[in-house]
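Undergrad: Be aware that the sequence shown starts at 7, since it is given in this note's numbering, and climbs by one per residue.
Glycine included, C-beta positions come from ideal geometry on N, C-alpha and C.
Predicted model, so just to flag it, every value in this text is computed and none were measured.
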Amino acid sequence: MRAARDHPGQLIGVATGPLANLALALRAEPALPTLLRRLVVMGGAYDYRGNTTPVAEWNIGVDPEAAAQVFAAWGAADQLPIVCGLELTHRIAMTPAHLDRLAAVAGSTTNPLLRVLDDALRFYFEFHDKLGHGYLAYLHDPLAAAVALDPELVSTRPATVDVELTGTLTRGMTVVDWTGRWGKEPNVDIGVSVDPDAFFDRFIDRVGAFAARLG
Numbered sequence: 007m008r009a010a011r012d013h014p015g016q017l018i019g020v021a022t023g024p025l026a027n028l029a030l031a032l033r034a035e036p037a038l039p040t041l042l043r044r045l046v047v048m049g050g051a052y053d054y055r056g057n058t059t060p061v062a063e064w065n066i067g068v069d070p071e072a073a074a075q076v077f078a079a080w081g082a083a084d085q086l087p088i089v090c091g092l093e094l095t096h097r098i099a100m101t102p103a104h105l106d107r108l109a110a111v112a113g114s115t116t117n118p119l120l121r122v123l124d125d126a127l128r129f130y131f132e133f134h135d136k137l138g139h140g141y142l143a144y145l146h147d148p149l150a151a152a153v154a155l156d157p158e159l160v161s162t163r164p165a166t167v168d169v170e171l172t173g174t175l176t177r178g179m180t181v182v183d184w185t186g187r188w189g190k191e192p193n194v195d196i197g198v199s200v201d202p203d204a205f206f207d208r209f210i211d212r213v214g215a216f217a218a219r220l221g
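(1) DSSP three-state call for Asp-69: helix, strand or coil?
(2) Less than 9 Å between the beta carbons of Ile-210 and His-146, yes or no?
(3) Using C-beta distances below 8 Å, list every residue in its chain close to Arg-44, excluding the 5 sequence neighbours before and after it, in chain order.
(4) Would you check if the region 89-109 and the region 48-63 touch, i.e. whether three or more CB-CB distances between them fall below 8 Å?
(5) Where do the N-terminal and C-terminal ends of the alpha helix (DSSP H) with Ile-98 fall, by residue?
(6) Consult DSSP for Val-200 and reduce its assignment to one of helix, strand or coil.
(7) How about Leu-120 and Leu-105: are their beta carbons less than 9 Å apart?
(8) Hey, would you say Ala-62 sits closer than 9 Å to Thr-174, going by beta carbons?
(9) Distance, Cα to Cα, Pro-14 vs Ala-112?
(10) If you compare alpha carbons, which of Leu-28, Leu-159, Lys-136, Pro-24 is closest to Ala-10?
(11) Rounded to whole angstroms, how far is the Cβ of Pro-24 from the Cβ of Ala-82, which I believe are closer than 8 Å?
(12) Nearest by alpha-carbon distance to Arg-187: which of Ala-165, Gly-197, Leu-220 is it?
(13) Would you identify the three-state DSSP class for Ala-21, choosing helix, strand or coil?
(14) I need the boundaries of the beta strand (DSSP E) containing Arg-121, first residue and last residue.
(15) Which one of Gly-178, Leu-149, Leu-220 has the shortest CA to CA distance from Asp-69?
(16) With DSSP as the reference, label Val-111 as helix, strand or coil.
(17) Going along the chain, which residues of its own chain have a beta-carbon closer than 6 Å to the beta-carbon of Thr-176, five neighbours each way excluded?
(18) Once DSSP output is grouped into helix, strand and coil, what is the label at Thr-172?
(19) Could you check what DSSP says for Pro-157 in three-state terms: helix, strand or coil?
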């Protein structure tokens, strides 16, 4: 918050987990939405299945009250937050072939950074394979970080989003009003499309180059 006050309009926020800390920050500094240059949120499932319950994505589902507060607060901001939901991040599926490309850029399969990535991703490869998704890992958070750096990486559509707090079966669901039925102004820009090839080209080029410098 102090940095946002000291550098208004310059900082970019990236939220890749539950939104409790951001909700608490808003209580301490209600002007935060106007102080940040941009906010990117990885969270929600917009007209899409959940991954924690049939309708809720994990980051939103574990603290829906915090998410509801954040979405409500940002509705008055000039720059709407960009939200990357599961329907978007599920298009960014990393496979062993991408790791091979990373190794080629890094110059070695034994590169220390690549060993860390290989160990970390193996769990997710096996996890998603058991679920029937294939031997892959969805790069939810790296996509949000990439969008923070370059919003043009995704196409967005403005909408009004609220979070279900009381439903017996639907608690944590991100409910979208695409057509203004609630009579409220949009409070988010929802990512609706992304070019996976462009993302992975950048990811491999930048992470591979960094790995090469590490040796």
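TA: Taking the definition as stated:
(1) coil
(2) no
(3) Ile-18, Gly-19, Gln-85, Pro-87, Ile-88, Ala-154, Pro-157
(4) yes
(5) Careful: Ile-98 lies outside any alpha helix (DSSP H) and carries neither H nor E.
(6) strand
(7) yes
(8) no
(9) 37 Å
(10) Leu-28
(11) So it is not a contact: roughly 23 Å between Cβ atoms.
(12) Ala-165
(13) strand
(14) Not the beta strand (DSSP E): Arg-121 falls in the alpha helix (DSSP H), residues 118-136.
(15) Gly-178
(16) helix
(17) Val-61, Glu-170
(18) coil
(19) helix
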